[in-house]
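Chemist: For this note's numbering, add 13 to where a residue sits in the sequence shown, where the first one is 1.
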Amino acid sequence: MYDIVVVGAGPVGATAARLSAEAGLSTLLIEEHATIGHPVQCAGLLSSSAFAECEVGHSSVLNTVSGARFVSGRGSELTFDAKETKACVVDRTLLDREMGKAAADAGAEVRLKTRAEWLGPGLLKTRGIRGGEEIGCRICIAADGARSGIARSAGLGRHRLVLGGIQAEIPHECDPRFVELHPDASPDFFGWVIPVSSSRVRVGLAGRADLPARFEAFIRNYAASSIHCVTGAIPLGPLEQTYADRLMICGDAAGLVKPTSGGGIYTGIRSARHAVATAVRAFEVGNTTAEALYTYERLWKADMGRDLALGMQIYQMRCRMTGDDVDHAIRTLSDPEVLKIIVEEGDMDRPGKLIRRLLFRPDLLPLFGRLGIMQLLRSLQ
Ligand SMILES: Cc1cc2nc3c(=O)[nH]c(=O)nc-3n(C[C@H](O)[C@H](O)[C@H](O)COP(=O)(O)OP(=O)(O)OC[C@H]3O[C@@H](n4cnc5c(N)ncnc54)[C@H](O)[C@@H]3O)c2cc1C
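1) Measuring only from the beta carbon, is His287 closer than 7 Å to any heavy atom that is part of ligand 1?
2) If you run the structure through DSSP and keep just helix, strand and coil, what is Cys242?
3) Between the beta-carbon of Ser73 and the beta-carbon of Asp104, is there less than 8 Å?
4) Assuming Tyr328 contacts Tyr256 under a Cβ cut-off of 8 Å, what Cβ separation, rounded to an integer in Å, is found between them?
5) I'd like to know whether the C-beta atoms of Phe83 and Leu194 end up nearer to each other than 8 Å.
6) Measure the CB-CB distance between Phe231 and Val243 and report whether it falls below 8 Å.
7) Can you give me the C-alpha to C-alpha distance between Gly276 and Met112, rounded to a whole angstrom?
8) In terms of residue numbering, what span does the beta strand (DSSP E) encompassing Gln180 cover?
9) At a cut of 8 Å, does the segment 52 to 72 reach the segment 124 to 140 through at least three beta carbon pairs?
10) Could you spell out where the alpha helix (DSSP H) holding Lys353 opens and where it closes?
11) Below 7 Å, is the gap between the Cβ of Leu59 and the nearest heavy atom of ligand 1?
12) Going by the C-beta, is Asp157 closer than 7 Å to any heavy atom of ligand 1?
13) Let me know if Asn76 comes out buried or exposed under the rule of 16 or more other beta-carbons within 10 Å of its beta-carbon.
14) Are the beta-carbon atoms of Val289 and Ala36 separated by less than 8 Å?
15) Would you list the one or two residues that DSSP bridges to Ala155?
16) Using only the alpha-carbon positions, how far apart do Arg233 and Ser239 sit?
17) Shortest alpha-carbon distance to Ser166 belongs to which of Ile262, Pro349, Leu372, Leu323?
18) Say the cut is 7 Å; is the CB of Ala219 nearer than that to a heavy atom of ligand 1?
19) How big is the Cα-Cα spacing for Ile420 and Val18?
20) Give the DSSP bridge partners of His195, in chain order.
21) For Ser211, which option in Val192, Thr92, Arg221 has the closest C-alpha, if you only look at C-alpha atoms?
22) Check whether the Cβ atoms of Thr139 and Ile43 lie closer than 8 Å to each other.
23) Under a three-way DSSP split, which group does Leu75 fall into?
24) Between the Cα of Pro134 and the Cα atoms of Phe202, Thr302, Ala295, Gly264, which residue gives the shortest distance?
25) With a threshold of 7 Å (Cβ to nearest heavy atom), would Ile43 be considered close to ligand 1?
26) Let me make sure I understand the geometry here. Which of Ile343, Gly365, Leu352 has the alpha-carbon closest to that of Gly318?
27) When burial is assigned at 16 or more other CB atoms within 10 Å of the CB, is Cys101 buried or exposed?
28) Comparing the CB of Gly113 with every heavy atom of ligand 1, is any distance shorter than 7 Å?
29) What residue range does the beta strand (DSSP E) around Cys101 cover?
30) Of all the options Thr92, Glu147, Ala156, His71, which has the alpha carbon lying nearest to the alpha carbon of Val270?
31) Determine the direct distance from the alpha carbon of Val123 to that of His172, and round the result to whole angstroms.
32) Just to confirm my understanding: we take Thr40, look at its own chain, exclude 5 residues before and 5 after, and list those with CB closer than 6 Å. What are they?
33) Considering Lys138, what are the terminal residues of the beta strand (DSSP E) in which it resides?
34) So, is Arg331 buried or exposed, given that buried needs 16 or more other C-beta atoms within 10 angstroms?
35) Indicate the three-state DSSP secondary structure (helix, strand or coil) for Val209 in the structure shown.
36) Taking the alpha helix (DSSP H) that Leu384 belongs to, which residues open and close that run?
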């Protein structure tokens with residue numbers, strides 16, 4: 014019987030396992046693949062805060078960026094440059110492996126090529142290189158990604174909205190300081206061009222429908238052979254409930270992904286921290302029921318619930334925008350004073366502060382009115 018069994022050795026599961034082992038709890042980390050960090054399902058753009066949350070060295074960092082360029086299909090562009098590192102571009106395979114190694118070094122037992130299923134509170138069934146086994150635990154932390162089988166089996170439901178993503182890494186000359194965002198490449202999300210270096214980029218997009226056709230049209234602008242292709246799912250919106258008796262759901266498995274960017278590393282790792290803190294407390298008081306583990310949901314909501322809810326409002330607003338709206342927004346936000354605010358307050362992980370500053374500028378009211386400001390205001394209350 015383990016104190017904690019973590020299912021899934023992505024960045025979120027590896028963090029949960031490391032913190033659990035560091036807290037002195039007997040910990041098992043289970044991963045269905047034979048190796049950690051493969052296949053990659055990520056563009057690898059991490060804000061500086063997200064990278065700091067990983068608590069690893071810099072060996073996976075391929076590039077750093079200081080700004081972004083928004084490009085409308087109608088020709089307008091908006092560029093802002095903070096002139097300091099705001100985010101880094103990483104090799105996700107290396108990052109995940111380093112995080113998995115940190116969990117093992119902290120004392121977590123790691124079982125690869127082993128798939129876990131939920132049998133009920135405190136009991137998992139595994140199939141893998143050691144054959145089939147039943148494994149007992151005082152608490153299970155499910156970090157089994159966007160298609161979490163554990164949450165489903167435990168009756169915690171499915172994600173309300175799941176986007177698909179496609180990306181290729183290709184040779185392309187670029188300014189490596191800037192990420193490019195192309196809203197018109199995918200009308201219910203956006204396309205991206207992420208510089209890996211001055212001569213390589215990751216070109217991709219996410220959305221709800223027509224992905225192959227949208228991607229084909231987008232990548233045609235870059236015309237080159239890909240040496241690395243990524244596809245994956247991005248769940249938007251948290252599960253109705255992220256805990257049950259002896260169970261907490263973290264990261265993508267819980268839908269804790271930023272709806273404005275599809276990024277889930279920052280929010281997921283934060284959720285892993287809250288899950289382990291809750292488990293430690295639950296063991297101290299000797300109560301691992303759903304009633305006690307409700308604290309986990311309270312903690313992650315207090316930490317990032319408002320930003321996630323606001324992000325969802327922004328995402329819904331974005332889905333209502335036409336190509337003309339995008340063009341109009343880019344031209345309006347190009348005002349130097351507005352750009353200064355974006356540089357000062359912009360935070361990839363926590364958009365609330367910037368939105369609040371922008372909402373109180375009278376010159377931007379017509380833009381926000383056109384885009385549906387009332388819903389945004391409600392979520393900020
Ligand atoms: C195209 C695309 C681009 C993205 N770009 C970014 C980005 O630039 N920045 C960013 O922050 N986020 C990005 N994301 C999101 C990011 O990849 C995820 O939020 C992040 O990987 C979530 O980490 P996780 O540990 O919760 O899940 P995952 O990384 O998905 O890890 C889950 C692990 O669980 C394992 N697993 C699943 N089921 C079982 C089971 N039953 N038993 C054992 N093991 C199991 C899986 O094999 C996997 O290793 C992107 C996603 C996509 C699809």
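The beta-carbon is built from N, C-alpha and C at its ideal position, and this holds for glycine as well.
Modeler: For this structure:
1) no
2) strand
3) yes
4) About 25 Å; that fails the 8 Å criterion.
5) yes
6) no
7) 18 Å
8) 174 to 184
9) no
10) 349 to 358
11) yes
12) yes
13) buried
14) yes
15) Val20, Ile262
16) 12 Å
17) Ile262
18) yes
19) Residue 420 lies beyond the residue range present for the chain, which begins at 14 and ends at 394; the question has no answer from this structure.
20) Gly204
21) Val192
22) yes
23) strand
24) Thr302
25) yes
26) Gly365
27) buried
28) no
29) 100 to 103
30) Ala156
31) 28 Å
32) Ile17, Ala30, Ser33, Ala34, Ala121
33) 136 to 141
34) buried
35) coil
36) 378 to 384
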